[in-house]
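Residue numbering for the sequence shown follows my numbering, starting at 226 and increasing by one per position.
Each residue gets a CB set at the ideal place from its N, CA and C atoms; glycine is no exception.
Input: a single structure, listed below in structure tokens.
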Amino acid sequence: MKRAFGRSLRTFGRTNPGRRYGVKSVKDKSRLRSNIRNLTICIVVVLIILLLKNMTFSYAQRATAGIKAIITREYDIGERISSLKGAIPTLRRSILRVFNDDIPSGPMEMPVEGVITSGYGMRTHPVFNVELRHEGIDISAPPGEPVRAALAGVVIEAGSHPQFGNIVIIEHNTDLKTLYGHLDNIRVKENQEVSQGEIIGQLGSTGISTGPHLHFEVWRNGRPVDPVNELNPGLKDT
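Set out below in structure tokens:
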């Protein structure tokens, strides 16, 4: 963009000899862009230093590459702002991971009022009729029943899944996530904060399903665990 802008000024000078319109304005804009760029670099560097202690190696590599790109490349102001806007949700979630002492880790509430019809572990798949590991529990309830967040957290995925249909995944802290599948509809968006018991969708039968139910998973440290062991003791036998 700078080259194009420079060519435009040179052309203007040739067709309008002796005229000096806009020179001061150009210098002011250049100085403003330089100041914004320097401020952006400082903000990004401070955030990265704060977050590196809680980021995986791959995230750290990407962060370093991003800093180098900002320092070495000449960006258009609009392009830079758009790029930063796209990175804000990831940075926000990373900051929450660092300062997550106020996010509870349990006990969880039952995500929907119903009956557990299929437990955690190996089972014969009701559709494929083969032995497969069931990484969550199935809770049967009437279609349209409100599905609620089992625990407070941040929505990291809200969309469609080939097997579970409409799903919502909530991150509660650095090592705890919950998944809600086969939803009829979704009422939350990615990067949205939710409180415990907040409605995130309605029960349905989307995806590969034999009838209306909620597929509910709990993941700790990147591995699925039995959701029944995470639920509020008073609700386990509901």
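With a cut-off of 8 Å on the beta carbons, I'd call G346 and F441 a contact; round off their distance for me. Contact flag wrong, Cβ pair sits at about 14 Å.
Between the CA atoms of A383 and G339 - distance to the nearest angstrom: 23 Å
Tell me the DSSP secondary structure of I394 in three-state form. strand
L428 and E370: beta carbons closer than 7 Å? yes
According to DSSP, is P368 helix, strand or coil? If DSSP states are grouped into helix, strand and coil, P368 belongs with coil.
Which of the three DSSP states, helix, strand or coil, is assigned to L202? Residue 202 is absent from the structure shown; the chain starts at 226 and stops at 463.
Candidates T403, H407, T265, N354: which alpha carbon is nearest R445's? T403
Burial state of E455 (16 or more Cβ within 10 Å): buried
Are V201 and A366 close, meaning C-beta to C-beta below 7 Å? Since the first residue of the chain shown is 226 and the last is 463, residue 201 is not available in this structure.
Output yes or no for whether 7 Å exceeds the beta carbon distance between T342 and D363. yes
For the beta strand (DSSP E) containing I341, list its first residue and its last residue. Residues 340–343.
Option in D409, G432, R262, V269 with minimal Cα separation from I424: It is D409.
Could you check what DSSP says for R348 in three-state terms: helix, strand or coil? strand
Where I261 falls: helix, strand or coil (DSSP): helix
Expressed to the nearest angstrom, what Euclidean distance is found between the alpha-carbon atoms of R448 and G378? Their backbone Cα atoms lie some 18 Å apart in a straight line.
Contact check, G432 vs G390, beta carbons under 7 Å: yes
Helix or strand or just coil, what does DSSP make of L456? strand
State the beta-bridge partners of D363 as determined by DSSP. S343, H440
Three-state secondary structure assigned by DSSP to S255: helix
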